[in-house]
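See below:
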């Protein structure tokens, strides 16, 4: 939150509304891009997944950053979320690694 | 980035609007609102404490029955056998504990002790009562959420208890509920277990949010982070662990529920055969996935069990050595490190699942690293004793005993952290001995210390000191009688969860010159069972003075002479006894750290955190030549 | 003593209590859905090659839902802005929009679930597979040879009481709109198959070896699909209840404590945005990959 002003200025609803329209357009664009990417015939599965997830992250960034005001949030929130993301990455990554590292000469299935 | 998001000026400080819940100079609440549906953190803390102690007693009873079966397999339980048969039916036919019943006792003993006993007592009960007092807050940030979290816990506990009485009995697949066993057992006990767990997890999540928000937001003016009593730091880290580690287990529990009820195959592999027949499921699942998701919580959970206990020990030691805790900063960094590292060590519970060397080396490394902050914490406590004026009251006896007991538990964990030695020790009695040493006599001793320590603040009376010592010595001696032999049994190869106590394996012993067949259990090892059973029963007897003491001292305990009978420095002792609703008569202001004992030049040997600093007088100029 | 910082933020942290509380709760929700997403990744990566379905979900319905939810996220934000500028009427309008969009989302989801519910895979005795949407089934009363056509599947046999007489019906035949394939693997990847012909196929009881609809029990993809979207839908439902409460009875607080009410709208809005965020990842992961 910004510092309190001695005079409370009128908040501009209209400009806020305009910003919301931009965000919605951004979401429509990223969603369309994702769908388009998923139908591209010339790419392998891994490349497609990477592309689609990258676009999803941009979409998420827009929603989280602007609609949830995460870009102007306080350190306490940032820090909590940073640790959360780290632990989630650990959960996913380490489990994936664990299920694909086998003693020599053995295998899954 | 600021200009991309329109900033609104913060609200002006509003005066109390009419209808605000703020004004507390009102009527005394009715019985139900005061004692049953209370939103006051102190009442909720006591509710949690009493409920948890009851569950622990019940879990203890289950253990005694199991130990009987282990020491005397197939022999009807004396005295209680006919009652068991009447209540539980076929599984306790003729008063003998059948293997199914043994398995459900085992699964429920673990579940009840961990989730219904220790976590609610250590984290929720002591945390709820003490933390707001220690930081100078009037209550928790979200009192109604606090009440909701207690009732979620209560409901979960009820569901767990009820599961004993449904056809087929309670869960039988261990407190770890591994698939596919948990899904293929044809009774409904496991279903109740999952539903109970969902309630308990939700309760912990709500509690965790409350604790973190309270500690961040409601610290009194002057209570900076580095002036917090270390008990609060420990609870803070514990709350974060609960917040972030429990949800994957909730996700896994939902998936196992789907496996049980909707016949999905999240954790059921293709080609699963049950009772010789191919199971009628789609397959394609992974039993290992359950283990990963379970232990992702399971390991941080053990730090949830120990950190609040360490916090209590810290407070009791500082208070009873009359000197500051040694290494406060190290303690803070160590507990933060433990909280962080606890999330990346979990697969050391899974060394025997066919993991490759790279991944098991990774987890082995992180497991070894996490032992360092634990040792730092214990070292700081030991160092704090040096040069102290130690008062050997009952809380201090328990806190002192915690140190070597937790030391044994922690050190015996090291061979388990190495994947090489764990191959031999996994799933043996060595593991049982290790984790029981850390939790009981580790955590539980600290919790006993906490009860004796804070009882005067809650009730205005001291617990009886003589019977406290009887309780202490009885517990200390018999805890060791029960658990020390288990290390020996485990190293000799006795596996855990065997309903006959290994009797089958003992038949494989080569009697010639007492030589042991590999895998066989000699009569020396088996004979330890009897001693353990007697030890467990005496341990139970040693708790009787404690139980009586709690209730007797409410009316007949020695009255405290003032609000601060232990002469403590922390804010929880600077309140009226017992603290009223809102805790403090006026806003607290903190001027110093939490352990200002024996400050040179001070009139008394303790300086409370909220005592205003002495006004600066003219410097004393020495006239000596 | 009152609990401080319920409305005005604590100066050194910069947050009021409920805002910190909701972000902490959202962190735990990240781990909850993260646990399920991890399960999805592991199950998918661990599946034998070629055995994971593709294209079983309608991309256009999913896109519609994505846009509905994105729009609702925006209307919920505008509702909060309206509160901040003191325009209660505007707040009521945008909040109602949010609720309606949420309910529309749920309706679309129900339609999608129903579509899977009536989609059957029938193993035939000659080793082929029939696959399609259930149209009708003919049941025969063994006693009277009376035929009964049902438009929903009622199992292999059922009993019905009519005029004091109990009639026992048994399945005689099933009609689906779909196709018959020889290799079960042909049913897996719908993305690469173009112009699949759907026609009415009638199958006699005698030919049916087993019959199962596309519920969560059918395979692990559907299991994780139903679990992920089901949990998400439960969150939408819960959020809708809160939004509805704040729009209706809860809005009384606007008169007595408008700042605290605005904070409540902000906090519930944050939860709603999180639900939208989860869908932003659910949609591509389940529908597009």
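Protein chains in written order, with the numbering used here: chain W, 1132 to 1240; chain U, 7 to 631; chain C, -16 to 272. Just so you know, even glycine gets a beta-carbon here, dropped at the ideal spot from N, CA and C. Predicted, not measured: the structure shown is a model, and the values here were computed from it.
Restricting attention to alpha helix (DSSP H) runs no shorter than 4 residues, the region 362 to 400 of chain U encloses them at 363 to 391, ordered along the chain. In the DSSP assignment, residue 124 of chain C is bridged to C:129 and C:152. Between residue 600 of chain U and residue 139 of chain U, the C-beta gap is not smaller than 8 Å, which leaves the two residues out of contact. For residue 1171 of chain W, no Cβ of chain U is located within less than 8 Å of the residue's own Cβ. Cβ-Cβ distances below 6 Å link residue 1161 of chain W to 1186, 1189 and 1190 in the same chain, with the five nearest sequence neighbours on each side left out; the list follows chain order.
By the C-beta criterion, the region 532 to 550 of chain U is judged to be in contact with the region 472 to 488 of chain U, since at least 3 inter-stretch pairs fall below 8 Å. Beyond the five residues adjoining it in sequence on each side, residue 76 of chain U comes within less than 6 Å, by CB distance, of 507 and 535 in the same chain, given in chain order.
For residue 1187 of chain W, the neighbours in chain C by C-beta distance under 7 Å run, in chain order, 263, 264 and 267. Residue 79 of chain C and residue 230 of chain C do touch by the CB rule: their CB atoms are close to 6 Å apart, below 8 Å. Under a 10 Å Cβ-count criterion, residue 129 of chain C is classified as exposed, with fewer than 16 other Cβ atoms of the shown protein chains found around its own Cβ. Here the region 150 to 167 of chain U makes no contact with the region 486 to 495 of chain U; the two share fewer than three CB pairs at distances below 8 Å. With a threshold of 8 Å between beta carbons, residue 1147 of chain W makes contact with chain C. Counting C-beta pairs closer than 8 Å gives three or more between the region 125 to 140 of chain U and the region 311 to 326 of chain U, which meets the contact rule. Cβ neighbours of residue 249 of chain U within its own chain (closer than 6 Å, five residues either side excluded): 214. By the C-beta density criterion, residue 159 of chain C is buried, having at least 16 other C-beta atoms within 10 angstroms.
Nearest to residue 203 of chain U by alpha-carbon distance, out of U:303, U:530, U:395 and U:463, is U:303.
Excluding its 5 nearest sequence neighbours in each direction, residue 174 of chain C has C-beta neighbours in its own chain below 6 Å: 37 and 38, listed in chain order. Residue pairing for residue 216 of chain C: DSSP places it in no beta bridge. Beyond the five residues adjoining it in sequence on each side, residue 133 of chain U comes within less than 7 Å, by CB distance, of 217, 241 and 314 in the same chain, given in chain order. Residue 239 of chain U sits close to residue 341 of chain U, with the two beta carbons spaced by under 8 Å. Around residue 509 of chain U, the same chain offers 79 as residues with beta carbons nearer than 7 Å, after the five sequence neighbours per side are excluded. In the displayed model, residue 283 of chain U falls within a strand according to three-state DSSP. In the DSSP assignment, residue 141 of chain C falls within the unbroken beta strand (DSSP E) covering 140 to 145. The C-beta separation of residue -10 of chain C from residue 243 of chain C comes to about 5 Å, placing the pair in contact by the 8 Å criterion. For residue 159 of chain C, the pairing in a beta bridge is given by DSSP as C:117 and C:184. Neighbours of residue 249 of chain U in chain C, taken as residues whose beta carbon is under 9 Å from its own, are 7, 8, 10, 11 and 14 in chain order. Three or more beta-carbon pairs drawn from the region 109 to 126 of chain C and the region 177 to 186 of chain C are found closer than 8 Å, and the two stretches are therefore classed as touching. At least one CB atom of chain C sits nearer than 8 Å to the CB of residue 1226 of chain W. DSSP places residue 195 of chain C outside any alpha helix (DSSP H); the residue lies instead in the beta strand (DSSP E), whose first and last residues are 191 to 196. Contact of residue 272 of chain C with chain W is assigned, a C-beta pair being separated by under 8 Å. The beta-carbon of residue 60 of chain C is placed no less than 8 Å from the nearest beta-carbon of chain U. Counting along the chain, residue 1186 of chain W sits inside the alpha helix (DSSP H) bounded by residues 1176 to 1193. Chain-order list of chain W residues neighbouring residue 56 of chain C: 1194 and 1198, by C-beta distance under 7 Å. In this structure, residue 277 of chain U lies away from residue 291 of chain U, with their beta-carbon atoms at least 8 Å apart. At a cut-off of 8 Å between beta carbons, residue 250 of chain C makes no contact with chain W. At a cut-off of 8 Å between beta-carbon atoms, residue 227 of chain C makes no contact with chain W.
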